[in-house]
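Structure record follows, encoded as structure tokens.
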Amino acid sequence: MYKFIKDPNDVRLGEVIKRAWTSGDVGILGVPWDGAVGTRPGSRLAPSRIRSILYTMPLTSGKVSLVDLGDVDVVIGNHDETWRRIELTVQESLKMVRELLIIGGDSTVSYASFRGLRGSLNGDLAFILLDAHPDVRIISEGLTSGQVIRWIRGIDPEAYVCVIGVRPFSNAPYLLDEARRLNVKVYTMDYLDSHGIDKVINEVLSEVEGRVTYLSVNLDVVDPAFAPGVNSPSPGGFTSREVIRLVSLLSHSLKPRIFDVVEVTPPFDLNDVTSMLAAVILINAVWVNQ
Numbered sequence: 014m015y016k017f018i019k020d021p022n023d024v025r026l027g028e029v030i031k032r033a034w035t036s037g038d039v040g041i042l043g044v045p046w047d048g049a050v051g052t053r054p055g056s057r058l059a060p061s062r063i064r065s066i067l068y069t070m071p072l073t074s075g076k077v078s079l080v081d082l083g084d085v086d087v088v089i090g091n092h093d094e095t096w097r098r099i100e101l102t103v104q105e106s107l108k109m110v111r112e113l114l115i116i117g118g119d120s121t122v123s124y125a126s127f128r129g130l131r132g133s134l135n136g137d138l139a140f141i142l143l144d145a146h147p148d149v150r151i152i153s154e155g156l157t158s159g160q161v162i163r164w165i166r167g168i169d170p171e172a173y174v175c176v177i178g179v180r181p182f183s184n185a186p187y188l189l190d191e192a193r194r195l196n197v198k199v200y201t202m203d204y205l206d207s208h209g210i211d212k213v214i215n216e217v218l219s220e221v222e223g224r225v226t227y228l229s230v231n232l233d234v235v236d237p238a239f240a241p242g243v244n245s246p247s248p249g250g251f252t253s254r255e256v257i258r259l260v261s262l263l264s265h266s267l268k269p270r271i272f273d274v275v276e277v278t279p280p281f282d283l284n285d286v287t288s289m290l291a292a293v294i295l296i297n298a299v300w301v302n303q
């Protein structure tokens, strides 16, 4: 099921991962929810699609025990109840694993999961988001994932919050002003091009020191040439190699308690390239026993 070549020395993740509500070093939790998407729906299908690829990948470290905790039981049409269930499931999951990998779903999954993390401890938190958009919208009606950072700031006014990879040309000008007002650090792609990824990493590490970290990747941070199957594609983003390196460096330095990948949209993907990238990113986010 997980490989086509009979090579006993080539162990795949799907051959060793435990599929149960049980303890382990690293847990995987799916959230098939896209009830706050205003553009291209379908990210509810991402957990199953990304898992199918993730399980075929080689196991690079035998020191890590991996458990698949299954999916949150979402309620279609009821975002409040769905978010409550995500929050509670995350809290229970964190009792069993050292690192929790979450596969969304739209980015409101990150908001509900952050609520779970905040409710699990009393220490200082950091929320680091890789995204093409700052997600601080002010709306007059409706529901949108474009408010996630605003909601997170409301949960924890003292948390360090930053967004890496924003494209100003893809956002209304007031959004960058609003991010500054909310004390959200924004690193645009122009800044990254001018100063380099390593400088940004060093700045973030200095700000986050001593905090429990949540690291989130909205796949629209990647250029649509490399990740076409996302909710809100925006040209001018990271290459696959750049985002993999960035995730790996941040994860191994910050050791996030929660890492997520959100807004992969399989119906708009091409030959599964976005889901494959998401699977590789998840593997590179594992820091336990590395």
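If you read the sequence shown in this note's numbering, its first letter stands for residue 14, the second for the next number, and so on. For every residue, glycine included, the Cβ atom is placed at its ideal position computed from N, Cα and C.
Query raised in the report: Is Glu154 buried or exposed, if buried means 16 or more other CB atoms sit within 10 Å of its CB?
Result: exposed
Query raised in the report: So does the stretch 237-246 actually touch the stretch 39-55, counting three or more Cβ pairs closer than 8 angstroms?
Result: yes
Query - As assigned by DSSP and simplified to three states, the class of Ser229 - result: strand
Requested in this report: Flag this pair as yes or no: are the beta carbons of Asp282 and Pro241 separated by less than 8 angstroms?
Outcome: yes
**Report entry** For Gly167, the nearest candidate out of Leu195, His146 and Arg180 (CA to CA)
**Finding:** Leu195
Requested in this report: For Ser261, collect the residues of the same chain with a Cβ closer than 8 angstroms to its Cβ; drop the 5 residues on either side in sequence, then sort them by chain order.
Outcome: Asn297 and Ala298
Report task. Report, in whole angstroms, the separation of the C-beta atoms of Asp81 and Ile41, which I expect to be a contact under 8 angstroms. Result -> 5 angstroms
Query - Given Phe140 as reference, the closest of Leu188, His146, Phe251 and Thr226 once Cα atoms are compared - result: Thr226
**Report entry** For Ile116: DSSP bridge partner residues
**Finding:** Gly43 and Val274
Requested in this report: For the stretch 166-185 and the stretch 194-212, state whether three or more C-beta atom pairs, one from each stretch, are separated by less than 8 angstroms.
Outcome: yes
Query - Residue span of the alpha helix (DSSP H) that contains Lys212, given as start and end - result: Ile210 to Val221
Report task. Between the Cα of Asn184 and those of Val44, Pro54, His146 and Arg270, spot the shortest distance and give me the residue it belongs to. Result -> His146
Requested in this report: Using the DSSP secondary-structure output, state which residues sit across from Ile141 in a beta bridge.
Outcome: Cys175 and Leu228
Requested in this report: Could you check the C-alpha separation between Val39 and Arg150 for me, to the nearest Å?
Outcome: 33 angstroms
Report task. Using beta-carbon positions only, say whether Asp285 and Gly117 come within less than 8 angstroms of one another. Result -> no
Query raised in the report: Skipping 5 residues on each side, what residues in its chain have a beta carbon closer than 8 angstroms to that of Asp233?
Result: Asp144, Ala145, His146, Ala240, Val243, Asn244, Ser245, Pro246, Ser247, Gly250 and Glu276
Report task. Compute the Euclidean distance between the alpha carbons of Leu138 and Ser207, then round it to the nearest angstrom. Result -> 29 angstroms
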